[in-house]
Amino acid sequence: MNHVIFEYQIMGIGRWISATVSLDIATKLAEEYTSYGWPVKIS
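When the letters of the sequence shown are read in order and numbered with UniProt numbering, they come out as residues 1 to 43.
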């Protein structure tokens with residue numbers, strides 16, 4: 001399983017929150033969080 005670091009910032013303010021997850025999970029979370037207008041990073 002390929003793991004990546006998924007980072008997001010709630011409502012675009014404050015600290016970035018990060019988690020190590022699989023690429024599949026990171027992709028799904030990125031889709032959901034960007035629909036809220038939140039910035040996300042996958043590295």
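C-beta: ideal position from N, C-alpha, C; glycine also.
| task | Note down, one range per segment and in chain order, each beta strand (DSSP E) of at least 3 residues found wholly within the segment 6 to 41. | result | 17 to 22
| said: Just to confirm my understanding: we take Ile42, look at its own chain, exclude 5 residues before and 5 after, and list those with CB closer than 7 Å. What are they? | reply: Val4, Phe6, Ala26 and Ala30
| Roughly how many whole angstroms lie between the Cα atoms of Ser1 and Ile13? | One detail in the question is off: residue 1 reads as Met in this sequence, not Ser. Each residue's alpha carbon lies about 32 Å from the other.
| query | Taking all protein chains shown into account, do 16 or more other C-beta atoms lie within 10 angstroms of the C-beta of Met36, making it buried, or fewer, making it exposed? | reply | It is worth fixing the name first, because residue 36 is Tyr in this sequence and not Met. Label assigned to Tyr36: exposed.
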